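A.B. asks: Respectively, the protein sequence lines represent chains A and X. To get the numbering used here, take the position in the first sequence, counting from 1, and add 905. To get the numbering used here, take the position in the second sequence, counting from 1, and add 11. Mind having a look at this structure? Questions to follow.
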Amino acid sequence: MADAGYPDDLLYHPEHDWVRIDPADPDVATFGVTWFAQDALGEVVFFDPPSVGSTVTAGEAYAEVESVKAVSDVIAPLSGEIVEVNAALGDGPEAINEDPYGEGWMVRVRLSDPSERDALLDAAAYSATLS
Amino acid sequence: MAASSETELRRTALHDRHVEAGARLVPFAGWEMPVEYGPTRLIAEHRAVREAAGVFDVSHMGQIETSGPQALDALQRLLSNDVAALPIGGAQYSVMCREDGGVLDDLITYRLAPDRFLTVTNAANHERDVAWFRDHAGGLDAHVEDVAERYAALAVQGPRAREVVQAISDAPLPERLTVGERTIAGARMLVCATGYTGESGVELLLDPADAPRIWDEVVRRGATPAGLGARDTLRLEACYCLYGNELGEERGPIEAGLGWCCKEDTGFVGAEAVRAARVAGTAECLVPFRLTGPGIARPGNAVAGGGVVTSGTLSPMLGVGIGMAYVPAERAEPGVAIEIDVRGKLRSAMVSSKPLYAKESDG
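Structure, rendered in structure tokens:
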């Protein structure tokens, strides 16, 4: 499992999701779940992705992750249309535990309302919600 | 995440060991119990039990001792199995029913002496069981004693489990489904060759004061600490019922597939209702299933066309979703295709035979 941490270059939703926005292409964001979320879940054994082309709404569930014991919703930190899903999680969902900010990414989304990002937290503010 | 319980949770004699080992502790039937020893340990713990040996703290389970000249008569009335057929030193599974056949608990009873029996209860049902025992032993020359405080309990399970315990025992371990007193690493205790994992192994009922030292000894000799999470996936692969999931007061033993431990001729409480269900058949039957595609069914998911999932998980050994469900009796045959509504998605599954996982087959 990865070491605990919350990278400074990401934005965070209080429901334990992160967002990476590439300054070169600020209309598309990558979503995943935080170290805290994967630690609380336990070993992830199943990721049920949404389909490319479907829309997601900030604050609402867009996918499910399952450990042996339980299923949890994954909450969209921002709204938009899914342009790519991490197909590698189908056979290797444990990447969500092992590399939550890298190989464990879940979807890329073309943002419909980039101003929503103002409501997200930076790493320090998100970390503060955990203590 | 679940909020922590406001009520005071009981701790077993091994609580400090669990904390030291990094266990994730959760409330379970009023006890604070380890679910796994680290955030991603469940599957490794499960495999350790299937491939070598694991040790579980099951001290939350209760015990009732029934003794006296009419102890056998009392138990014959309380329990569904033929207690008279239980030899001294034997172990016997049974259910305890209401008059209408609803299941109050499922239990293992050990005959320690001709007139002395020890019955192991589920933690959540223990106090009700004790009261039920006392009510139904009334008028008989039998003494019912709640002895749960007297015992800690360790389940050492897996293909190497007996070897681990045998190495520190003063005498050969009891054979399967028997019980005997032994001295293990200097501590006198009851050794029961029973379990809930589908593997061989023993359950040790011992003085709580001895429990930490015996735990350390079996861990040092190679048993992997395993939590309630692995205990649940192991019992589900083996298709053992869990009270509160497969069994409850609204279900009878016949529909649960437990007719084999019901001997209606003994006249136990509920025998007439059980006999009627056996003769007439039941509307639904409990079956094991496995998903034939992606997905993991969970308790409460509906079976399309009727029925409900009672337990569901990912099988660590098979790598697919498995579970148990009540389905209409006409569909309760291995090989029948079913669909399960998993949070709005219909997932394909197949009724399987028991057990869902067995070493000697491909599952």
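For glycine and all other residues, C-beta sits at the position ideal for the given N, C-alpha and C. Only a predicted model underlies this, so the values are computations on that prediction, with no experimental measurement involved.
Could you tell me the alpha carbon to alpha carbon distance between A369(X) and A249(X), rounded to whole angstroms?
C.D. replies: Your numbering for residue 369(X) matches position 358 in the second sequence. Your numbering for residue 249(X) matches position 238 in the second sequence. A369(X) and A249(X): Cα-Cα distance of roughly 8 Å.
A.B. asks: Looking at chain A, is there any beta carbon in it that lies within less than 8 Å of the beta carbon of P50(X)?
C.D. replies: Working through the second sequence from its first residue, we reach residue 50(X) at position 39. At least one chain A Cβ lies under 8 Å of P50(X).
A.B. asks: With 16 other CB atoms within 10 Å as the buried threshold, where does T324(X) fall?
C.D. replies: As a working mapping, residue 324(X) is identified with position 313 in the second sequence. So T324(X) counts as buried.
A.B. asks: Look at V362(X) and A343(X) and say whether their C-beta atoms are less than 8 Å apart.
C.D. replies: The count along the second sequence starts at 1 and reaches residue 362(X) at position 351. The count along the second sequence starts at 1 and reaches residue 343(X) at position 332. Their beta carbons are under 8 Å apart, which means V362(X) touches A343(X) by this criterion.
A.B. asks: Exposed or buried, what is S956(A) when buried is set at 16 or more other beta-carbons lying within 10 Å of its beta-carbon?
C.D. replies: Translated into the one-based positions of the first sequence, residue 956(A) becomes position 51. It counts as exposed.
A.B. asks: Per DSSP, what kind of secondary structure is H918(A) in: helix, strand or coil?
C.D. replies: Walking along the first sequence from the start, residue 918(A) turns up at place 13. Reduced to three states, the DSSP call for H918(A) is strand.
A.B. asks: Please identify the residue among N92(X), Y121(X), L53(X) whose C-alpha is closest to the C-alpha of C272(X).
C.D. replies: The residue given as residue 272(X) occupies position 261 in the second sequence. Per the Cα distances, N92(X).
A.B. asks: Please work out which residues of its chain come closer than 8 Å, Cβ to Cβ, to A134(X), disregarding the five sequence neighbours upstream and downstream, and give them in chain order.
C.D. replies: Looking up residue 134(X) in the second sequence gives position 123. So the list reads F39, A40, G41, W42, H71, M72, G73, once near-sequence residues are dropped.
A.B. asks: Pull out every residue of the region 965 to 984 of chain A whose Cβ sits closer than 7 Å to any Cβ of chain X, in chain order.
C.D. replies: So the list reads E971, V973, K974, V976, given in the order they occur along the chain.
A.B. asks: Assuming R1013(A) is part of the beta strand (DSSP E), what are its boundary residues?
C.D. replies: Counted from its first residue, the first sequence places residue 1013(A) at position 108. Segment 1012 to 1016, the beta strand (DSSP E) holding R1013(A).
A.B. asks: Among D117(X), D27(X), G101(X), which one has its Cα closest to the Cα of E260(X)?
C.D. replies: Taking the first residue of the second sequence as 1, we reach residue 260(X) at position 249. It is D117(X) whose Cα lies nearest to the Cα of E260(X).
A.B. asks: Quick one: what's got a C-beta closer than 8 Å to A14(X)'s C-beta in the same chain, skipping five residues either side?
C.D. replies: Taking the first residue of the second sequence as position 1, residue 14(X) is located at position 3. Per-residue confidence for A14(X) stands at a pLDDT of 45, beneath the threshold of 50, marking its modelled position as unreliable; the derived number appears in the next sentence. Hits under 8 Å: none found.
A.B. asks: Assuming H154(X) and G79(X) form a contact by the criterion Cβ under 8 Å, report the distance between their Cβ atoms to the nearest whole angstrom.
C.D. replies: Looking up residue 154(X) in the second sequence gives position 143. Looking up residue 79(X) in the second sequence gives position 68. The pair is a contact, with the Cβ atoms about 5 Å apart (cut-off 8 Å).
A.B. asks: Spell out whether any CB of chain X is found under 8 Å from the CB atom of M1011(A).
C.D. replies: What you label residue 1011(A) is simply residue 106 of the first sequence in a count that begins at 1. By this cut-off, M1011(A) is not an interface position.
A.B. asks: Taking the straight line between their C-alpha atoms, what separation do you get for D978(A) and A968(A)?
C.D. replies: Here the question's residue 978(A) lines up with position 73 in the first sequence. Here the question's residue 968(A) lines up with position 63 in the first sequence. One C-alpha to the other measures close to 6 Å.
A.B. asks: Can you have a look at P185(X) and say buried or exposed, based on whether 16 or more other CB atoms are within 10 angstroms of its CB?
C.D. replies: Here the question's residue 185(X) lines up with position 174 in the second sequence. By the 10 Å Cβ count, P185(X) comes out buried.
A.B. asks: Between the Cα of T208(X) and those of V353(X), I179(X), L245(X), A96(X), spot the shortest distance and give me the residue it belongs to.
C.D. replies: On the second sequence, residue 208(X) is found 197 positions in, with the first residue counted as 1. With distances taken between Cα atoms, T208(X) lies closest to L245(X).
A.B. asks: What span of residues does the beta strand (DSSP E) with T194(X) cover, start to end?
C.D. replies: Counting from one through the second sequence, the residue named residue 194(X) turns up at place 183. Element bounds for T194(X): 190 to 195.
A.B. asks: To the nearest angstrom, how far is the alpha carbon of G964(A) from that of A348(X)?
C.D. replies: Here residue 964(A) corresponds to residue number 59 of the first sequence, with the count starting at 1. Here residue 348(X) corresponds to residue number 337 of the second sequence, with the count starting at 1. Straight-line Cα distance between these residues: approximately 37 Å.
A.B. asks: Find the nearest neighbour of D157(X) within the set V229(X), T235(X), G197(X), E76(X), judged by alpha-carbon distance.
C.D. replies: For this step, residue 157(X) is matched to residue 146 along the second sequence. The residue with the shortest Cα to Cα distance from D157(X) is E76(X).
A.B. asks: Can you find the residues in the same chain that come closer than 8 Å, C-beta to C-beta, to I307(X), ignoring five residues on each side of it along the sequence?
C.D. replies: The count along the second sequence starts at 1 and reaches residue 307(X) at position 296. Correct list, in chain order: G323, T324, L325, G332, V353.
A.B. asks: For D1027(A), which option in M906(A), V950(A), L915(A) has the closest C-alpha, if you only look at C-alpha atoms?
C.D. replies: By one-based count along the first sequence, residue 1027(A) stands at place 122. Of the candidates M906(A), V950(A), L915(A), the one whose C-alpha sits nearest the C-alpha of D1027(A) is L915(A).
A.B. asks: With DSSP as the reference, identify every bridge partner of S359(X), one or two as the case may be.
C.D. replies: For the purposes of this step, residue 359(X) is identified with residue 348 of the second sequence, where counting begins at 1. DSSP lists E350(X) as partners of S359(X).
A.B. asks: Taking 8 Å as the threshold (beta carbon to beta carbon), is I333(X) in contact with chain A?
C.D. replies: As a working note, residue 333(X) is residue 322 in the second sequence. Not one chain A Cβ lies under 8 Å of I333(X).
A.B. asks: Is DSSP giving Y337(X) helix, strand or coil here?
C.D. replies: The residue labelled residue 337(X) in the question sits at position 326 within the second sequence. Strand.
A.B. asks: Measure the CB-CB distance between G197(X) and A172(X) and report whether it falls below 8 Å.
C.D. replies: Position 186 of the second sequence holds residue 197(X). Position 161 of the second sequence holds residue 172(X). No, the Cβ-Cβ distance between G197(X) and A172(X) is not below 8 Å.
A.B. asks: In whole angstroms, what separates the C-alpha of T132(X) from that of G113(X)?
C.D. replies: Along the second sequence, read from residue 1 onward, the residue named residue 132(X) stands at position 121. Along the second sequence, read from residue 1 onward, the residue named residue 113(X) stands at position 102. Cα to Cα, the separation comes out at about 16 Å.
A.B. asks: Curious, which full-length beta strand (DSSP E) runs of at least 3 residues does the region 23 to 87 of chain X contain?
C.D. replies: Whole beta strand (DSSP E) segments, 3+ residues: 35 to 39, 42 to 47, 65 to 68, 73 to 78.
A.B. asks: Going by DSSP in three states, R309(X) sits in which element: helix, strand or coil?
C.D. replies: Along the second sequence, read from residue 1 onward, the residue named residue 309(X) stands at position 298. Looking at R309(X) - three-state DSSP - the assignment turns out to be coil, as it is neither helix nor strand.
A.B. asks: Quick check: is the beta carbon of V950(A) nearer than 8 Å to any beta carbon in chain X?
C.D. replies: If you number the first sequence from 1, residue 950(A) lands on position 45. So, interface residue.
A.B. asks: If I measure Cβ to Cβ from E986(A) and keep anything under 8 Å in the same chain, skipping five residues before and after, which residues do I get?
C.D. replies: Walking along the first sequence from the start, residue 986(A) turns up at place 81. Once the five neighbours on either side are set aside, the close Cβ partners of E986(A) are G958, S959, T960, V961, V1014, R1015, S1017.
A.B. asks: Helix or strand or just coil, what does DSSP make of M12(X)?
C.D. replies: Here residue 12(X) is taken as the residue at index 1 of the second sequence, counted from 1. At M12(X), the pLDDT of 39 sits below 50, so the modelled position is not reliable; the number obtained from the coordinates is stated separately. Here M12(X) sits in coil by DSSP.
A.B. asks: Check whether the Cβ atoms of V230(X) and P223(X) sit closer than 8 Å, and answer yes or no.
C.D. replies: Stepping through the second sequence from its first residue, residue 230(X) is reached at position 219. Stepping through the second sequence from its first residue, residue 223(X) is reached at position 212. Not in contact: V230(X) and P223(X) (Cβ atoms no closer than 8 Å).
A.B. asks: Kindly say whether Y1031(A), judged by its beta-carbon, lies nearer than 8 Å to any beta-carbon of chain X.
C.D. replies: The residue labelled residue 1031(A) in the question sits at position 126 within the first sequence. Y1031(A) does not count as touching chain X.
A.B. asks: Name, please, each residue of chain X whose Cβ falls closer than 8 Å to the Cβ of D944(A).
C.D. replies: As a position in the first sequence, residue 944(A) is number 39, starting the count at 1. In chain order: P50.
A.B. asks: If you reduce the DSSP assignment to three classes, tell me which class Y1031(A) lands in.
C.D. replies: Numbered from 1 along the first sequence, position 126 holds the residue referred to as residue 1031(A). Three-state DSSP puts Y1031(A) in a helix.
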